[in-house]
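Colleague:
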Amino acid sequence: MPDPKFYVPSAKHEAAMERMLYGIHARKGIVMLTGEIGSGKTLLSRAVILKLPRSRYEVGLVSNPTILGNEFLSEILFQLGLDPHGTRVELLRRLNDQLLANYHRNIDTVVVVDEAQAIEHDRLFEELRLLSNFQLNDRFLITLVLVGQPELRERITRIPQLAQRVAIQHHIDYLDRAETKAYILARLTAAGSELGIFSPPAISSIYHRTGGVCRLINSLCDLCLYFGHVSGARQIRRALVEKVGNELLHRPENNGVGVLS
Numbered sequence: 019m020p021d022p023k024f025y026v027p028s029a030k031h032e033a034a035m036e037r038m039l040y041g042i043h044a045r046k047g048i049v050m051l052t053g054e055i056g057s058g059k060t061l062l063s064r065a066v067i068l069k070l071p072r073s074r075y076e077v078g079l080v081s082n083p084t085i086l087g088n089e090f091l092s093e094i095l096f097q098l099g100l101d102p103h104g105t106r107v108e109l110l111r112r113l114n115d116q117l118l119a120n121y122h123r124n125i126d127t128v129v130v131v132d133e134a135q136a137i138e139h140d141r142l143f144e145e146l147r148l149l150s151n152f153q154l155n156d157r158f159l160i161t162l163v164l165v166g167q168p169e170l171r172e173r174i175t176r177i178p179q180l181a182q183r184v185a186i187q188h189h190i191d192y193l194d195r196a197e198t199k200a201y202i203l204a205r206l207t208a209a210g211s212e213l214g215i216f217s218p219p220a221i222s223s224i225y226h227r228t229g230g231v232c233r234l235i236n237s238l239c240d241l242c243l244y245f246g247h248v249s250g251a252r253q254i255r256r257a258l259v260e261k262v263g264n265e266l267l268h269r270p271e272n273n274g275v276g277v278l279s
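To get our numbering, take the position in the sequence shown, counting from 1, and add 18.
The structure is reproduced here in structure tokens:
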């Protein structure tokens, strides 16, 4: 699981965080965040959770949305610290009681569903829509944050009743060249490393090799630092980035993606 302490506020990620926090603070019902594989959306969602004070928010995180039927609803209750056992009616009643109790304590309930594009059956999306029916005095008692790959938007679009409930949505693009440099330097700072350990040409090569994909940037930098340490290099230069990329990142046994996948 990504470590939120390494969350780096690039302009793209900060814009996404602002939209998500606005949707949560304003109790917009359903918030959706999408991004390509490795774009940092999971790390961002964890950073958003850390921004929510426990004195004001009760947060549940569902990271395995492939479960079916009542198990999905049970998982939501479990993540909120509730008894996950019982019939569907009992589970819904228990959840409703908790939402009302939180409402009267001035606590907002938030459920984050990560990798939501992996939900196998549309009826589970319908279950999410039904959860958004928990309202009191025109106020949503629960905010659902759906995080997933771009196909999540396509699936939700095919369910108009749910699509109409999505009040806030945001898509994270990959980093550009300047953002990639800033991202690498910020992560080095977070790790307590020397900022000049990667030469400017090496950073340019990292961007070229990764296309601005955060997960690939992380892995390539880690590998370069490891092999740089082993070889006694005082600075990571372009040649090492190219060598690591050529020799390790595209081995056939890694299905053409390499250790960065």
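Even glycine gets a Cβ: it sits at the ideal position worked out from N, Cα and C.
Can you pull the DSSP bridge partners for E89?
Modeller: For the purposes of this step, residue 89 is taken as residue 71 along the sequence shown, with counting starting at 1. Note: E89 sits in no beta bridge, so no partner.
Colleague: With DSSP as the reference, label Y75 as helix, strand or coil.
Modeller: By 1-based counting over the sequence shown, the position of residue 75 is 57. The answer is strand: DSSP assigns Y75 an E or B state.
Colleague: Pick helix, strand or coil for D126, following the three-state DSSP scheme.
Modeller: Here the question's residue 126 lines up with position 108 in the sequence shown. Correct three-state label for D126: strand.
Colleague: Mark D156 as exposed unless 16 or more other C-beta atoms lie within 10 angstroms of its C-beta, in which case mark it buried.
Modeller: As a working note, residue 156 is residue 138 in the sequence shown. With fewer than 16 other Cβ atoms within 10 Å, it is exposed.
Colleague: Please report the Cβ distance between G47 and A185, rounded to the nearest whole angstrom; I am assuming they are in contact, meaning their Cβ atoms lie under 8 Å.
Modeller: In the sequence shown, residue 47 corresponds to position 29, counting from 1. In the sequence shown, residue 185 corresponds to position 167, counting from 1. That pair is a contact at about 6 Å.
Colleague: Going by DSSP in three states, H43 sits in which element: helix, strand or coil?
Modeller: Walking along the sequence shown from the start, residue 43 turns up at place 25. Looking at H43 - three-state DSSP - the assignment turns out to be helix.
Colleague: Contact between the segment 61 to 71 and the segment 97 to 117: three or more CB pairs below 8 Å?
Modeller: With the cut-off at 8 Å, the segment 61 to 71 and the segment 97 to 117 do not touch.
Colleague: State the CB to CB distance for the pair I94 and V107, rounded to an integer number of angstroms; the pair is presumed to be in contact (CB under 8 Å).
Modeller: Here the question's residue 94 lines up with position 76 in the sequence shown. Here the question's residue 107 lines up with position 89 in the sequence shown. With 8 Å as the limit, I94 and V107 do not qualify as a contact, their Cβ atoms being about 15 Å apart.
Colleague: So, for I235: in the same chain, excluding its five sequence neighbours on each side, which residues have a beta-carbon less than 7 Å away from its beta-carbon?
Modeller: Locating residue 235 in the sequence shown gives position 217, counting from the first residue. The residues are T198, Y201, I202, I224 and T228.
Colleague: Quick check on this structure: which residue in G56, L39 and A29 has the alpha carbon closest to the alpha carbon of R233?
Modeller: Position 215 of the sequence shown, counted from the first residue, corresponds to residue 233. Answer by Cα proximity: G56.
Colleague: What's the C-alpha gap between H31 and L51?
Modeller: Indexing the sequence shown from 1 puts residue 31 at position 13. Indexing the sequence shown from 1 puts residue 51 at position 33. Spanning the two alpha carbons is a distance of roughly 11 Å.
Colleague: Apart from the five residues just before and just after H188, which ones in its own chain have a Cβ nearer than 6 Å to its Cβ?
Modeller: Within the sequence shown, residue 188 is the residue found at index 170, counting from 1. If we look at H188 and ignore the five residues flanking it on each side, its Cβ neighbours are A34, R37 and L51.
Colleague: Between L238, D115 and N88, which lies nearest to F143 when the distance is taken from Cα to Cα?
Modeller: Here residue 143 corresponds to residue number 125 of the sequence shown, with the count starting at 1. Nearest of L238, D115 and N88 to F143, Cα basis: N88.
Colleague: On the criterion of 16 or more Cβ atoms from any shown chain inside 10 Å, does T161 qualify as buried, or is it exposed?
Modeller: Start at 1 with the first residue of the sequence shown, and residue 161 comes out as number 143. So T161 counts as buried.
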